[in-house]
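Shown next, in structure tokens, is the structure this report addresses.
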Amino acid sequence: MISLKKYLIAISFISILSCTNKKEIDEDNSGFVLSKEMLNKLEFSTVTYSPVINELKVFGKVTTDPDKTVDVFPAVGGKVSMVNGQLGDYVQKGQILAVLKSTEVAGYRKDMLDAQADLLEAQKNLQVASDMFKGKLATEKDVISAKKDVETAQAEIQRIKQLYNIYNLGSNNTYYVKSPISGFITAKDITPDMLIRSDRAESIFTVSQINNVWVMANISESNISQIKLGCEADIQTLSYPDRVIQGNVDRIFNIINPDTKSMQARIQLPNPGYILKPEMNATVTLKIKEDRNMLTIPSSSIIFDNDRNYVLVYYNNKHIEVTPINIYEQNDKTAYIESGLQSGQKIITKNALLIYRALTGN
């Protein structure tokens, strides 16, 4: 009887011990097992050390390259008879933008006729002097003087022809305003029947090449010390919010704008398809490198709950830990971690919130 009692006690003890061990295992795994279907919906990343890169977002504006922009001024005054170039048009070098009727052109025309008449007279005088020299009725000095008059008349005609070419002068008292370069008309201040003075101070057209453009980033005084030549920059515009154009700061203008209290930094960019337009606003994200490395994880892996930041450290399908972390710096893509993680740990970066809720019941 005593032996039977001892046997029953032993069996009961083993059963209790077995149940206790099972409970401990369940608590270790939280009773959660990641299904294969859910596993296929997750993405992972490994905690690594990398240089700390801070991001500074500033306002910017697209501008043309001044070295590839030409203001067009009228060489003569007159009345506008035709305007062929409109704002935004692409024009070729030498293309006629406008036509003026000008009394000044009539003056150049008269000068040409006078010069041609002088040349004919000088040539006749030279012929006469040469004939008389042969008959010993004139000296060699007279022939040389006549030749000089011919050369002077020829030089005057050549000078006027050059003026015609430089000023794009035509017949019938017309003056042609031609584009000096190929590019887009970015400014226009001329209309048909408009009277234009020859001493006009303002340009009537501006033509710019925009296959390459500048983005001018405005840097506030408090951030000037962080900006260095070569600093990487991401440019986004309202017109193309999902498109990021990458460049580098290639010039810093060490002057403070008195109105905006900011300094400008330039990013030169190729502009295929002319998607960047002059005067277009842009958001410039400057990437500023620090001289140290820190643990780095994707920002998408971070879960914020109860005033704390967490990530899910993955060991296996039965072992996923909710781990609190302290963040040093974070941007849209990357977070730099002060504490809570170790290099080489594997964390969940996609659909982590679903797993977090399953583990915590929140």
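Throughout the sequence shown, residue numbering follows the numbering used here, covering 1163 to 1524 in sequence. Note that the Cβ used here is the ideal one computed from N, Cα and C, for glycine as well. Predicted model, so just to flag it, every value in this text is computed and none were measured.
Assuming residue i and residue j form a contact by the criterion Cβ under 8 Å, report the distance between their Cβ atoms to the nearest whole angstrom.
i	j	result
TRP1376	ASP1229	The pair is not a contact, with the Cβ atoms about 10 Å apart (cut-off 8 Å).
GLU1266	GLY1247	22 Å between Cβ atoms; not a contact.
VAL1475	ILE1397	Going by Cβ atoms, the distance from VAL1475 to ILE1397 rounds to 36 Å, so no, they are not a contact pair.
ILE1389	VAL1411	7 Å
VAL1261	MET1244	4 Å
PRO1236	VAL1305	Contact flag wrong, Cβ pair sits at about 45 Å.
ILE1459	ALA1497	5 Å
SER1264	TYR1337	5 Å
ILE1437	MET1425	The Cβ separation is near 27 Å, so there is no contact.
Taking the straight line between their C-alpha atoms, what separation do you get for residue i and residue j?
i	j	result
VAL1290	LEU1281	14 Å
PHE1194	LYS1480	6 Å
LYS1203	LYS1512	8 Å
ILE1487	ASN1373	47 Å
MET1356	SER1341	19 Å
ALA1284	ILE1347	48 Å
LYS1286	ILE1358	42 Å
VAL1473	GLU1500	13 Å
GLY1502	ASP1453	22 Å
LYS1350	LYS1223	21 Å
ASN1191	ALA1520	Unreliable positioning characterises ASN1191 in this predicted model, as indicated by a pLDDT of 43, which lies under 50. The coordinate reading is nonetheless provided below. Distance between the alpha carbons of ASN1191 and ALA1520 is about 12 Å.
ILE1509	SER1461	11 Å
LEU1179	TYR1477	Unreliable placement is indicated for LEU1179, whose pLDDT of 35 sits below 50; no coordinate value is reported for it.
ALA1317	TYR1270	15 Å
LYS1219	LEU1448	6 Å
GLY1523	LEU1516	10 Å
MET1233	ASN1216	Looking at the sequence shown, residue 1233 is not Met but Asp. Their Cα atoms are separated by approximately 41 Å.
GLY1256	ILE1343	7 Å
PRO1440	LYS1423	23 Å
ASP1200	PRO1432	As written in the sequence, residue 1200 is Met, which differs from the Asp given in the question. Using only the alpha carbons, I get a separation of about 44 Å.
LYS1272	SER1360	19 Å
LYS1185	ASN1468	Because LYS1185 sits at a pLDDT of 34, beneath the cut-off of 50, its placement in the model cannot be relied upon, and the following sentence gives the value as read from the coordinates. The alpha-carbon atoms of LYS1185 and ASN1468 are separated by roughly 28 Å.
Can you tell me where the beta strand (DSSP E) with residue i in it begins and where it stops?
i	result
ILE1464	Unbroken run through ILE1464: none, as it is neither H nor E.
PHE1206	1205-1208
THR1496	1496-1501
ILE1450	1443-1460
THR1485	1481-1492
GLY1409	1407-1419
GLU1394	1394-1399
Find the nearest neighbour of residue i within the set the options, judged by alpha-carbon distance.
i	options	result
ILE1429	THR1422, ALA1395, PHE1235	ALA1395
SER1207	ASP1469, LEU1457, VAL1312, MET1378	LEU1457
TYR1252	ILE1499, TYR1329, ASN1468, GLY1435	GLY1435
THR1231	ARG1470, ASN1524, LEU1431, PHE1367	PHE1367
GLY1345	LYS1323, GLY1250, ASN1419	GLY1250
SER1370	GLN1254, ALA1444, ILE1489, VAL1484	GLN1254
LEU1391	GLY1523, ASP1467, ALA1427	ALA1427
ILE1322	GLU1383, LYS1310, GLN1278	GLN1278
PRO1403	ASN1443, GLU1483, LYS1298	ASN1443
SER1197	ILE1482, ILE1465, SER1505	ILE1482
Between which two residues does the alpha helix (DSSP H) carrying residue i extend?
i	result
LYS1286	1265-1296
ALA1520	1514-1522
Any heavy atom of the ligand NAD inside 7 Å of the beta-carbon of residue i?
i	result
GLU1483	No copy of the ligand NAD appears in this structure; indeed no ligand is present at all.
**Report entry** In chain order, each alpha helix (DSSP H) run of at least 4 residues that lies wholly inside the segment 1302-1345
**Finding:** Counting only runs of 4 or more, we get 1302-1329.
Query raised in the report: Which ranges does the alpha helix (DSSP H) cover as unbroken runs of at least 4 residues, wholly within the segment 1192-1247, from first to last along the chain?
Result: If we require 4 residues or more, the alpha helix (DSSP H) runs fully inside the segment 1192-1247 come out as 1198-1201.
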